[in-house]
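Numbering (the working numbering), first residue to last: 14 to 310.
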Ligand code: B12
């Protein structure tokens, strides 16, 4: 239901369709028939018809129909490319981490760094895809929650060690706050982004998770930020992102706001709905959009 209302709020039926498709993969991978999803969508349609005023109900029903159609579409997510050196490193890293061997996994990353693979490539082309692969395996029921948590904790360690040795460009005099939309628990994407901003010569402050919207306003003023980079992972976080943007603009109207994260990959234009100045899905796009917003090269 929350995914339906988030999709309606963003005027994006595709958001609801992808939520339905996600549920289908999660259910069927665990031997639960997709008929349960179909039945729950149909009963939701009936409840909406009975309980909501016609004008609102009609919109929701259109989204539900799209969801029911999406239920039969196949989706697949090939993530790691064993043909590239980075893809092979990601495989090697994951194999060690999934065996519970943190030191061996971290060594894969640090040895590659010593051999000259740039930090940015290790972050974007090795660790981030390894994380996505773990997510996909968990989604398909191929590994447990403790496995996923352990890999994530190992990745955080590897990232922290990489950050210590990083060669940064000369300061560009700009400060960016990298934060999560309230309710978003996916800190790693923001952590990667903060590293990359630092490498490019920004002063980057990563605030971590669970920062209330009003306090983001306090943060941009207290740290004299030129830019807020706000990460949104899932559609239900659109509401809180919108609140955060409003709170930040209230305190410091001139600060530029860039929103991004996995959700922007699905619905690139959703930053307008949130009230930001720009949006970007990937780290590469983030750095370009950020530089344009604050006028640095
Ligand atoms: C680790 C993880 C978690 C951890 C996070 C721990 C932590 N400290 O970060 C925990 C366990 C908390 C978690 C929880 C949940 N998760 Co989770 N999680 C993941 C996983 C496996 C990896 C995320 C990650 O580290 N990615 C690596 C980083 C580097 O990539 P990234 O986040 O995409 O960030 C990059 C870009 O997006 C971009 N970017 C990021 N932020 C920003 C911001 C700006 C401004 C810009 C411009 C760019 C940008 O730059 C980054 C660097 O390249 C993903 C799988 C995946 N596909 O990503 C699932 C995943 C995102 N989670 C998922 C789900 C369903 C959940 C839960 C709902 C599960 C549950 N039932 O509880 C909860 C929701 C929590 C919440 N309220 O947010 C789904 C989302 C499906 C969907 N689209 O609806 C995924 C895709 C897994 C899957 N395949 O099903 N999760």
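No residue lacks a Cβ here, since even glycine has one placed at the ideal position from N, Cα and C.
Under the three-state reduction of DSSP output, residue 189 falls in the strand class.
Taking 8 Å as the cut-off, the beta carbon of residue 261 is found no closer than this to the beta carbon of residue 187.
Between the region 147-154 and the region 113-128, the count of C-beta pairs closer than 8 Å stays below three; the two stretches do not touch.
Taking residue 216 as the centre and dropping the five residues before and after it, the same chain places the C-beta of 188 closer than 6 Å to its C-beta, in chain order. Comparing alpha carbon positions, the residue from 94, 299, 181 closest to residue 143 is 94. Pairing residue 21 with residue 72 gives a Cβ-Cβ distance under 8 Å.
Ranking 77, 219, 278, 259 by CA distance to the CA of residue 230 puts 259 first. Counting along the chain, residue 121 sits inside no beta strand (DSSP E); it lies in the alpha helix (DSSP H) bounded by residues 115-127.
With a cut-off of 7 Å, the C-beta of residue 273 is classified as near ligand 1, since at least one heavy atom of the ligand falls inside that distance. Taking one beta carbon from each stretch, the region 49-68 and the region 275-293 have fewer than 3 pairs nearer than 8 Å; the two do not touch. Our two residues, residue 300 and residue 183, have alpha carbons roughly 15 Å apart in a direct line.
Linking residue 303 to residue 47 through their CA atoms gives a straight-line distance of about 42 Å. Residue 305 and residue 84 have their C-alpha atoms spaced approximately 40 Å apart. Assigned with DSSP and collapsed to three states, residue 19 falls in helix. For the region 240-306, the full-length beta strand (DSSP E) segments reaching 3 residues or more read 240-244, 269-273, 291-293 along the chain. Between the C-alpha atoms of residue 201 and residue 169 there is a straight-line separation of about 7 Å. Beta-bridge analysis with DSSP links residue 219 to 191. By the 16-neighbour rule on beta-carbons within 10 angstroms, residue 263 is exposed.
Spatial neighbours of residue 39 in its own chain (CB-CB distance under 7 Å, excluding positions within 5 residues in sequence) are listed in chain order as 152.
The three-state secondary structure of residue 172, taken from DSSP, is helix. About 12 Å separates the Cβ atoms of residue 105 and residue 119, ruling out a contact at the 8 Å cut-off.
Within 10 angstroms of the beta-carbon of residue 270 lie 16 or more other beta-carbons, which makes it buried.
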